[in-house]
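**Student:** The structure under discussion is supplied below as structure tokens; questions concerning it will follow.
In full-length UniProt numbering, the protein residues as written are 1 to 354.
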């Protein structure tokens with residue numbers, strides 16, 4: 001997509017188009033989507049003053065409307081990012097492209113159910129094996145969102161217990177990551193859920209701290225956490241802090257959701273005993289939640305006191321603002337406070353300031 005004064009590989013040209021699509025146009029725009037999606041095709045054009053006659057009108061318009069800004073972008077863009085993208089393109093083509101093509105065909109035929117790992121708000125993940133090693137391949141529904149999600153993965157490189165980027169392809173709308181060990185914590189039934197150790201909880205807190213030091217904030221949704229008895233917790237999804245206002249203390253406190261989530265049976269709201277069953281289930285949930293909160297907050301108090309104090313201070317400031325409504329981590333409005341299985345834990349939490 002440029003007037004080529006010296007020979008460059010197609011992978012290098014594609015990397016330049018990707019870099020321009022990432023930084024040279026408005027984020028999440030239709031232009032960005034087209035540039036990323038068609039980066040491989042656009043890379044075949046080595047002279048933008050002589051466009052191929054069979055080029056689609058859509059791509060002709062895309063080139064003409066961005067010709068000047070693209071050339072200016074290349075003049076000021078540092079070579080480091082383009083080199084990274086070039087190496088990624090080469091790596092993906094050499095190691096993963098054939099496997100991804102085969103997987104896409106299988107998904108079309110039978111859904112590749114035996115390889116299916118799960119779905120999120122922006123895509124579906126599948127297990128693949130390449131060179132005797134297993135990986136997670138996430139196919140994105142929104143290409144611009146995939147581009148957005150790659151950035152925190154780059155920041156998280158080398159951080160243990162977190163998703164690690166291996167390769168990506170905008171052409172195939174896929175991001176390949178290391179396959180992390182463990183089970184989605186939302187799949188644990190109440191009767192057979194693992195007993196998380198204090199060491200497990202400390203490791204999870206320290207992982208979130210390390211992400212924060214690298215400018216990354218977690219998405220606290222419980223399905224973004226895996227647990228393995230040997231390896232502990234892993235964090236699947238996170239974002240750049242620049243796009244979020246959540247503090248480290250808020251992120252740490254939000255881990256209570258992952259630590260206490262269980263896969264509860266769905267209740268029939270039409271049943272005559274629905275209200276009774278709902279009340280019973282609520283008690284069972286609190287019998288898990290409250291003891292864990294005692295342990296969790298005790299760990300914070302003893303090992304991470306500055307985090308706990310930061311949270312309490314910020315909570316008090318928000319509470320003093322009449323325009324802000326917040327829910328306490330121990331919301332006694334919806335707890336049977338005199339229940340014999342709950343009252344002792346509530347008493348301990350009250351002494352801790354909760």
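Beta carbons: idealized from backbone N, C-alpha and C, even for Gly.
#1: List the residues that DSSP assigns as beta-bridge partners of residue 183.
#2: Return the CA-CA distance between residue 89 and residue 274, expressed in angstroms with no decimal places.
#3: Kindly indicate which three-state DSSP category residue 337 falls into: helix, strand or coil?
#4: Provide the residue(s) that pair with residue 137 in DSSP beta bridges, ordered along the chain.
#5: I need the DSSP call for residue 107, collapsed to helix, strand or coil.
#6: Expressed to the nearest angstrom, what Euclidean distance is found between the alpha-carbon atoms of residue 324 and residue 245?
#7: How many angstroms separate the CA atom of residue 225 from the CA atom of residue 139?
#8: With 16 as the cutoff for other CB atoms within 10 Å, does residue 189 come out buried or exposed?
#9: Which partner residues of residue 239 appear in the DSSP bridge assignment?
#10: Quick check on this structure: which residue in 37, 29, 30, 98 has the alpha carbon closest to the alpha carbon of residue 15?
#11: DSSP on residue 117, reduced to helix/strand/coil?
#12: Could you work out which residue in 154, 282, 277, 276 is closest to residue 260 when comparing CA atoms only?
#13: Compute the beta-carbon to beta-carbon distance between residue 77 and residue 167, rounded to the nearest angstrom, for a pair I have assumed lies under 8 Å.
#14: Using CA atoms only, rank isn't needed, just tell me which of 161, 42, 99, 193 is closest to residue 21.
#15: Using the Cβ count rule (16 or more neighbours within 10 Å means buried), how would you classify residue 317?
#16: Return the residue from the list 251, 68, 339 that minimises the CA-CA distance to residue 314.
#17: On the three-state DSSP scale, how would you describe residue 234?
#18: If you reduce the DSSP assignment to three classes, tell me which class residue 261 lands in.
#19: Taking residue 345 as the reference, which of 303, 165, 288, 333 has the closest Cα?
#20: Would a C-beta distance cut-off of 8 Å place residue 219 and residue 237 closer than the cut-off?
#21: In the DSSP assignment, what are the bridge partners of residue 165?
#22: Output the boundary residues of the alpha helix (DSSP H) element that contains residue 289.
#23: Locate the alpha helix (DSSP H) running through residue 251, then write down its first and last residues.
#24: With C-beta atoms as the reference, is residue 299 less than 8 Å away from residue 235?
#25: Report the residue from 137, 200, 173 whose alpha carbon sits nearest the alpha carbon of residue 143.
#26: Have a look at residue 73 and residue 129 and give me their C-alpha separation to the nearest angstrom.
#27: Near residue 223, what residues of its chain come up, given a Cβ to Cβ distance below 7 Å and the 5 sequence neighbours on each side ignored?
#28: Using three-state DSSP, classify residue 201 as helix, strand or coil.
#29: Should residue 60 be labelled buried (16 or more other beta-carbon atoms within 10 Å of its own) or exposed?
#30: Is residue 282 close to chain C, meaning its C-beta is less than 8 Å from at least one C-beta of that chain?
**Tutor:** Let's see:
#1: Note: residue 183 sits in a beta bridge opposite 227.
#2: Cα to Cα, residue 89 sits roughly 55 Å from residue 274.
#3: Residue 337: coil per DSSP, three-state reduction.
#4: DSSP lists 126, 176 as the beta-bridge partner residues of residue 137.
#5: DSSP places residue 107 in helix when its eight states are reduced to three.
#6: Going by the C-alpha atoms only, they are around 15 Å apart.
#7: Their backbone Cα atoms lie some 19 Å apart in a straight line.
#8: By the 10 Å Cβ count, residue 189 comes out exposed.
#9: According to DSSP, residue 239 bridges with 217.
#10: The candidate whose alpha carbon is nearest that of residue 15 is 37.
#11: Looking at residue 117 - three-state DSSP - the assignment turns out to be strand.
#12: Out of 154, 282, 277, 276, the CA that lies nearest to the CA of residue 260 is found in 282.
#13: Taking C-beta atoms under 8 Å as the contact rule, residue 77 and residue 167 fail to qualify, at a distance of about 22 Å.
#14: For residue 21, the nearest C-alpha among the options comes from 42.
#15: Residue 317 should be labelled exposed.
#16: Measuring from the Cα of residue 314, the nearest candidate turns out to be 251.
#17: DSSP places residue 234 in strand when its eight states are reduced to three.
#18: Here residue 261 sits in coil by DSSP.
#19: With distances taken between Cα atoms, residue 345 lies closest to 288.
#20: Going by C-beta atoms, residue 219 is nearer than 8 Å to residue 237.
#21: Answer is 177, bridged to residue 165.
#22: It spans 274-303 - the alpha helix (DSSP H) in which residue 289 sits, taken as one unbroken run.
#23: Residue range 248-253 is occupied by the alpha helix (DSSP H) that includes residue 251.
#24: Taking 8 Å as the Cβ cut-off, residue 299 and residue 235 do not qualify as a contacting pair.
#25: The closest CA to that of residue 143, considering only 137, 200, 173, is found on 173.
#26: One alpha carbon belongs to residue 73, the other to residue 129, and they sit about 38 Å apart.
#27: Closer than 7 Å at the Cβ level, and outside the excluded window around residue 223, lie 184, 186.
#28: Here residue 201 sits in helix by DSSP.
#29: Its Cβ having fewer than 16 others within 10 Å, residue 60 is exposed.
#30: Here there is only one protein chain, and chain C is not present.
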